[in-house]
Structures are given as C-alpha cells and as structure tokens.
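Following: one structure in structure tokens, then a few remarks.
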RNA sequence: GGCCCGUUCGUCUAGGGGUUAGGACGCAGGAUUUUCAUUCCUGUAACAGGGGUUCGAUUCCCCUACGGGCUACCA
C-alpha cells in the first residue's frame with residue numbers, strides 16, 4: 021500500500037515554524053516513498069478560529085515548495101478536507117461508538133465540572149477525573165439509565181459524547197522514533213469526543229479522518245505523544261487498523277527553555293513564522309522568514325537538519341535531495357534548539373549555490389520595491405560579485421550600494437591617509453589611459469593599469485586604495501578591476517572624475 | 001503534583017563495549033585576496049551525576065538530577 025501522510029494544522033493563527041517543520045517531515049517522507057502528502061484543516065474549535073489563517077498556511081507551504089497532493093484548495097478523493105465541513109461524518113461515528121458500548125452521552129455542564137475541580141482544589145486534592153472510577157456518580161447515560169437518558173435527549177438537553185476508557189489497562193504502541201511506548205489507561209480520562217456544539221474534538225476527528233483518508237503514517241509533534249494511547253484505543257474501539265505513529269521532537273527556544281515561542285524570538289530579534297502575518301485582532305505585524313530575507317530553500321534545509329541528519333557529512337541540501345535522503349529512522353528523540361546563526365549560514369550557502377541570473381531576477385524585484393531603477397542586464401554580474409559577501413539577497417542593495425549609485429560618502433580614514441591632491445593629475449592620466457581600452461574586461465583593465473603604473477614609475481599600492489575609494493566610497497568590496505568592469509567604462513571614468521573633485525573639496 | 005519522553009563540545013549533530021570521541025555553526029588565529037567576503041589550514045570545546053553488569057563503559061541496566069511534553073467540551 022502506498023504511503024499517505026497528512027499535515028493537519030488548526031487555523032488558529034499563523035503557522036509556527038515548528039508546524040512548518042512537521043509539514044516538511046511529512047512531505048519529505050511522502051516524497052521519499054513515492055506517496056501522497058495531504059493537507060487537512062482541523063478547524064473544529066470555533067472559538068479559536070482565526071480569519072485568514074488557512075490562507076496563511078497554504079501560502080507558507082507553497083512558498084517552501086511543500087505542495088499538498090490533496091487538500092482544501094486542490095481537492096481530492098476524500099474531500100472535504102476541512103473538518104468543519106465534515107461534522108455529519110463525526111456524528112455518525114460517535115453514534116456508532118455509543119451503539120457499540122464504547123462511548124456514552126454525558127449531560128454534566130462545563131460549569132458543574134469546573135465547580136467539581138474547584139472544590140477538589142480547595143480540599144487540596146488532585147483534580148477530579150471523569151473516568152471508570154467516577155463516571156457512575158456523574159450525569160451520563162451509563163449512570164442515569166436508558167430511560168432517563170432518552171428523556172433528556174428528547175427534551176433537547178445539551179450533551180457531549182465521551183469515550184468509556186477501560187479501567188487499568190496497559191496500552192502499548194510502537195512509535196517509529198521512540199520505540200515501544202506504554203501508558204496505563206488509568207491516566208486517561210473519559211475524553212470528550214463530541215462537544216456540546218456538535219463538533220468533534222481533535223481526538224475523534226483526527227482518528228476518523230486518518231482512517232477515512234487512508235493515512236498510513238501519522239507524523240506529528242511530540243506534544244501529541246501523551247494523547248496517542250487515547251487514539252490507539254479509539255482505533256481499537258472502531259475495529260480499525262491503526263496507522264504507524266512517529267512523534268517528532270520539538271523545536272526549542274535558543275536557551276532550551278520550552279517550545280520555541282514568538283516571545284523569545286522577538287527578544288532575540290528573529291522570526292518564528294514563515295511569512296509575515298498581520299494579527300486581525302491587534303493589527304500587529306508578526307514578521308516572517310520570507311520578509312526577513314530568507315530563501316525558502318535555506319529555511320527548509322535548516323529546518324530539516326533540526327532533529328534529523330542524513331548520517332553523512334552533507335549539510336547543504338536542495339528540497340529534492342532532502343526527499344531522497346530523508347528517513348524517519350534518523351530522526352532524533354530529543355528537542356533541538358533554534359539557532360538563528362546557523363540559519364543565516366544556510367541562507368548564505370544557498371545564495372552562493374544559486375544561479376546568477378535567477379538571483380538577478382530576484383534582486384530586480386527587491387530594487388523595484390525600494391524604488392531603485394536599474395539596468396537589469398548588469399545585475400547578474402553584480403550578483404556574482406556580491407553573493408559571497410552577504411547573508412541575504414536583500415542586503416545587496418546596501419552592501420553594494422556603489423553599484424547602484426555614486427557613493428554618498430568616503431571612508432575618511434583612508435581618504436586622509438592615502439589621498440593627496442598631487443594624485444589628481446595621475447588619475448586624470450589614468451582615465452585617459454583607460455579610455456583607449458578596446459574591451460573592459462577585468463583582465464584587460466588590470467593589464468592596462470599595471471602598464472600605466474609602470475609608466476608612472478609607481479607601485480600599484482599608491483593608487484589602489486584611492487581608486488577603490490573613488491569608485492565605492494568604502495574600502496571593502498569586490499576586486500577593483502571586477503568592480504570597474506561591471507560598472508562599465510563610461511561610469512568608471514565619470515565616477516573617478518567626480519569623486520576626485522569631491523576629495524579635494526573634502527580636504 | 002501525576003504520567004510520558006529525553007540528556008555527546010555554547011548550538012546542531014556523528015558514533016557506539018576498547019576511538020587521539022568525528023563533522024558543522026559560532027568564536028579565535030593563520031594563509032590566499034594589496035581591501036572585504038569567499039576558499040583553505042589551525043585552534044577552542046562534550047559523553048549530566050552516582051551505582052551496577054563487564055577484563056573494560058561515553059555506549060547496556062538501575063537510581064538521582066536536570067530539561068521537555070501532556071494533564072480542557074484547545075489543537
């Protein structure tokens with residue numbers, strides 16, 4: 021049977037980077053095995069539903085290249101893929117569980133249960149449970165009897181459906197990442213399956229959908245490990261074969277304290293969301309990796325190596341390579357801290373690996389956004405010189421500002437130290453010398469420059485720093501002759517002349 | 001608190017009964033680049049603690065400590 025996995029987020033806000041990694045691992049697993057990757061929106065909590073969150077999820081996945089084979093947008097044989105549109109299905113299965121004696125109606129109100137909790141806390145006792153020990157003293161179809169239950173149902177009383185969890189049973193299952201895991205059923209309580217609003221809880225909806233959608237491997241975050249025995253029980257009650265489970269280690273805050281949170285990321289100045297999100301409630305902008313300048317391939321690569329490794333020394337992977345190399349058998353058990361420095365390094369590596377013309381096209385977009393108009397034909401050359409010098413593509417306009425405009429200022433220290441007005445006529449002669457060049461390739465310029473300095477009876481060091489300063493304003497950057505070549509003969513000559521005038525003014 | 005899961009350099013990790021415990025990020029130094037970056041080289045730094053088992057344990061077992069997750073009519 022072919023592998024089928026799903027990513028099943030709740031549209032309660034922007035997709036978190038941890039969620040994105042869960043999606044990634046599912047995607048990689050599916051692709052590795054030639055299976056299907058589905059997206060299912062788990063929107064069964066009306067109270068927490070956030071407008072726009074589903075679109076955000078879809079756009080984030082799409083930006084990273086993790087396109088689902090089936091999902092709410094592109095449909096599929098098991099549509100609908102939004103749980104809110106499937107409530108009749110869950111009700112049917114809840115009823116089936118009641119009829120088979122695995123579940124029951126419960127009429128206790130939330131307030132009553134809350135009161136019970138408060139009383140227990142006052143008495144200094146453990147929070148009370150709704151389970152095999154206590155259910156007969158509460159208001160449910162088991163305790164009340166069929167007749168009373170029917171009466172209440174007929175009168176339209178609010179109810180939930182609870183699973184009748186068996187007493188003192190060991191529930192064991194195999195987790196692909198953690199191995200054999202076992203729980204006592206006494207730890208579980210009679211979990212609500214169907215809420216008073218008629219919608220299912222995660223547990224019911226998840227199990228029913230995974231079964232119906234023929235999911236073979238449930239790959240999700242470690243936060244679900246504790247409720248996995250409940251799901252195992254549910255599969256048993258339905259008499260369904262259960263999928264394989266793999267609980268992924270969490271992504272932790274850089275200091276190791278807890279799951280990676282927006283709070284701590286804000287403090288350290290990096291995003292935790294794939295793309296920008298404007299909170300519809302507060303109107304606040306929460307920044308994303310995309311807008312912070314990350315290449316999606318780099319983010320994906322970084323995330324893949326958080327909790328997984330290929331067992332080789334390779335670190336730089338394309339998405340395609342990840343698909344080939346990925347396996348759940350090499351996923352770690354323990355949580356991994358988020359390290360933004362490493363993420364930046366991955367970004368630089370992916371920048372270097374990209375084709376200059378591709379990068380140039382992306383840079384053009386950035387320039388347009390910033391209102392810089394520029395001859396796009398020159399961009400590949402600029403990108404080639406700049407991409408080894410920046411962590412982010414978006415740093416190029418600033419880092420290489422001298423390619424796009426005359427330098428605004430000149431490095432004062434160097435100017436003072438290296439420039440004297442006597443140099444001016446030398447530069448004028450240099451300009452003339454350059455004018456006679458038949459081509460403006462770096463090698464030709466260098467040759468001409470060397471010959472010129474010989475004629476002038478000077479070492480190249482006498483002019484180089486000043487020449488760089490005249491062209492770029494700063495003493496750092498690509499090799500001078502490369503820079504000149506990209507700038508072009510005309511711009512180079514003009515710029516040297518105009519910078520020289522400004523040097524003298526500054527003196 | 002209870003239950004579950006975990007613990008190798010600061011971080012991501014490889015490894016696994018006998019290793020100089022390997023790589024990467026970061027940091028530091030050097031070479032190349034008349035600059036910067038890249039590249040290359042070098043250095044830095046780890047098996048949480050205590051008991052077993054064993055000729056030998058970082059590796060297997062137990063305990064402790066620490067960390068994390070869950071403990072809702074949230075997912």
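Residue numbers (our numbering): 21 to 527.
From the three backbone atoms N, C-alpha and C, an ideal C-beta is built for every residue, glycine too.
Residue i to residue j span [Cα, whole Å]
i, j, result
"residue 394", "residue 380", "11 Å"
"residue 212", "residue 336", "46 Å"
"residue 278", "residue 272", "6 Å"
"residue 237", "residue 181", "27 Å"
"residue 44", "residue 344", "13 Å"
"residue 437", "residue 35", "54 Å"
"residue 187", "residue 155", "11 Å"
"residue 190", "residue 366", "45 Å"
"residue 289", "residue 98", "42 Å"
"residue 50", "residue 153", "43 Å"
"residue 504", "residue 327", "46 Å"
"residue 59", "residue 459", "56 Å"
"residue 269", "residue 358", "12 Å"
"residue 83", "residue 150", "44 Å"
"residue 141", "residue 148", "9 Å"
"residue 313", "residue 412", "6 Å"
"residue 110", "residue 116", "10 Å"
"residue 421", "residue 501", "17 Å"
"residue 222", "residue 112", "16 Å"
"residue 375", "residue 472", "36 Å"
"residue 431", "residue 466", "24 Å"
Local Cβ density within 10 Å of residue i, reported as buried at 16 or more and exposed below that
i, result
"residue 321", "buried"
"residue 143", "exposed"
"residue 283", "exposed"
"residue 240", "buried"
"residue 363", "buried"
"residue 90", "buried"
"residue 291", "buried"
"residue 477", "exposed"
"residue 42", "buried"
"residue 220", "buried"
"residue 25", "buried"
"residue 479", "exposed"
Assumed close pair residue i, residue j - CB separation to whole angstroms, cut-off 8 Å
i, j, result
"residue 317", "residue 339", "6 Å"
"residue 37", "residue 293", "7 Å"
"residue 62", "residue 103", "5 Å"
"residue 537", "residue 210", "Residue 537 lies beyond the stretch modelled for the chain, which goes from 21 to 527, so this question has no answer here."
"residue 123", "residue 179", "At roughly 11 Å, the Cβ-Cβ gap does not stay under 8 Å, so residue 123 and residue 179 are not in contact."
"residue 594", "residue 80", "Summary: the structure shown does not reach residue 594, with the chain confined to residues 21 through 527, and so no result is reported for it."
"residue 227", "residue 208", "Their Cβ separation, rounded to whole angstroms, is 14 Å, which puts residue 227 and residue 208 out of contact at 8 Å."
"residue 506", "residue 483", "Contact flag wrong, Cβ pair sits at about 20 Å."
"residue 405", "residue 498", "4 Å"
"residue 52", "residue 346", "5 Å"
"residue 324", "residue 342", "5 Å"
DSSP beta-bridge partners of residue i
i, result
"residue 293", "308"
"residue 127", "DSSP lists no partner for residue 127."
"residue 349", "Answer is none; residue 349 lacks a bridge partner."
"residue 335", "Answer by DSSP bridge pairing: none, since residue 335 is not bridged."
"residue 220", "214"
"residue 160", "126"
"residue 328", "351"
"residue 356", "271"
"residue 204", "190"
"residue 27", "59"
CA nearest to the CA of residue i, picked from the options
i, options, result
"residue 514", "463, 450, 176 and 28", "450"
"residue 520", "499, 175, 427 and 319", "427"
"residue 199", "266, 377, 319 and 148", "266"
"residue 280", "40, 32 and 245", "40"
"residue 159", "294, 169 and 153", "169"
"residue 385", "329, 232, 399 and 375", "399"
"residue 253", "297, 193, 311 and 220", "193"
"residue 488", "457, 453, 429 and 475", "429"
"residue 57", "37, 276 and 23", "23"
"residue 512", "473, 495 and 448", "448"
"residue 348", "245, 329 and 112", "329"
"residue 229", "64, 185, 375 and 391", "64"
"residue 225", "202, 207, 251 and 206", "251"
"residue 69", "331, 29 and 263", "29"
"residue 171", "127, 376 and 373", "127"
"residue 162", "119, 107, 135 and 313", "119"
"residue 433", "218, 244, 341 and 493", "493"
"residue 242", "351, 166 and 310", "351"
"residue 391", "201, 497, 425 and 32", "425"
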